[in-house]
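In this note's numbering, the protein residues as written are 1158 to 1470.
C-beta atoms are modelled at their ideal positions from N, C-alpha and C, and glycine is treated no differently.
Treat the numbers as computed from the prediction; the structure is a model and nothing was measured.
And the structure:
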C-alpha cells in the first residue's frame, strides 16, 4: 500500500503502509472526505506507484507540493523522478523540485540502529530474551523483560520445558547473567532512538523545525559513546556513526529544508544552525562552506516564492 500524509504543501508516502491523509476534517467537504479514504493497493514498480499517487493528487485538487517524504529505498528514486516531472508540468515545482525529495528520517534512524545491533554478542543476548523482531519492539520487550528478570530466573527452576524450548537453535539457550547485563546496556542505548522516533513521528505538532536538533543530539551521543570505556557500546556506536555519516555527514547528503525549518523558527534562527555547523562540521573550511550554502539556498528559495506569489501581497 502507499502511505500518504498531505498537509498544506507536503506529501508523505511510503510503499509499505495504508494511506492516511491528514487535514482539518471540519474544513473538508463530505465528498472530499470520502476521497481521502481511497486506498492505493499497488505493489507494482515505482512508475505505477507514482501514477497512483499522481491520480490521487489530481482527484483531490492538490497541485502545490513542496516536499514528498519517502522511505530510503532505491526504488523510490525512480518514483521521485516521475513525480518531479509531473509537478514541473503543473508549473508548481519550486526551484525545479530541488527540495521535493525528502528521505524519511524515521526510516533512516531505523537503518542506523539496525546496523548497530548486528554484532554477534548483541544478537545472542537479545535472542535469548526474545525472538527476532523490529528494533523498536526489541526496546519495549527488553524494557518489560528486565523488570521481570527474577520471574525468568524462577521460571527456569520450576518449568523444565522453559529451558528445553529456549535451548533450541533459534534462541541459543536461557538468558545468563551476562545476557541480562548486556540487555540493560542495550536498553539504555535504544531508549534514545525510541524516544527520538516518537518525537519526529508526531502528527499533532510541527516537526520540520526540530529534525535538525535531533540529528545534532544523535551526533553528540555517538561522539560520547565512541569515547566510552565500554568496548561493546563503543563498537556499536562506531558502526552506527558510519551509517549516520552516510546519510547526514555533510550538507550534500541532507535536504536543506531541515536547516530552513530551524532558521525560520524565531527561537533559534540562523545563528543556531551556524553554531552547530561549527561544532559538528568543524573541519578546515567545511563549516564556512556549509554556512554559505545554507544562506544562499534560503535566499534562492525566498526569491522563487517572491516571483511566484509576491504580486498577491
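Secondary structure remark: continuous beta strand (DSSP E) runs of at least 3 residues inside the region 1243-1271, in chain order: 1258-1260.
According to the DSSP assignment, residue 1354 belongs to the alpha helix (DSSP H) that extends over 1334-1357. Between residue 1299 and residue 1343, the CB-CB gap stays under 9 Å. Residue 1297 is positioned such that its CB atom lies closer than 9 Å to that of residue 1351. DSSP, read as helix, strand or coil, puts residue 1225 in strand. Rounded to whole angstroms, the gap between the alpha carbons of residue 1263 and residue 1245 is 28 Å.
For residue 1447, the three-state secondary structure derived from DSSP is helix. With fewer than 16 other Cβ atoms inside 10 Å of its own Cβ, residue 1462 counts as exposed.
About 6 Å separates the Cβ atoms of residue 1366 and residue 1419, confirming a contact at the 8 Å cut-off. Straight-line spacing of the CA atoms in residue 1346 and residue 1306 works out to 19 Å.
Non-local beta-carbon contacts of residue 1369 in its own chain, meaning distances under 8 Å to residues more than five positions away in sequence, involve 1415, 1416, 1418, 1419, 1430 and 1433 in chain order. Secondary structure remark: continuous alpha helix (DSSP H) runs of at least 4 residues inside the region 1374-1457, in chain order: 1388-1405, 1414-1420 and 1426-1437. If you draw a straight line from the Cα of residue 1218 to the Cα of residue 1402, it is about 39 Å long. The Cβ atoms of residue 1265 and residue 1257 lie no closer than 9 Å to each other. A Cβ-Cβ distance of about 12 Å is found for the pair residue 1220 and residue 1240, leaving them out of contact under the 8 Å criterion. In the three-state reduction of the DSSP assignment, residue 1273 falls in the helix class, which pools H, G and I.
Cβ neighbours of residue 1396 within its own chain (closer than 8 Å, five residues either side excluded): 1272, 1273, 1275 and 1276.
For residue 1306, the secondary structure class from DSSP, reduced to helix, strand or coil, is helix.
Ranked by Cα distance from residue 1413, the first of 1456, 1442 and 1381 is 1456. Its chain contains 1379 and 1383 as the residues whose beta carbon lies nearer than 7 Å to that of residue 1398, once the 5 sequence neighbours on both sides are disregarded; these appear in chain order.
Using a Cβ distance threshold of 9 Å, residue 1427 and residue 1451 count as a contacting pair. Around the beta carbon of residue 1225, 16 or more other beta carbons lie within 10 angstroms, which makes this residue buried.
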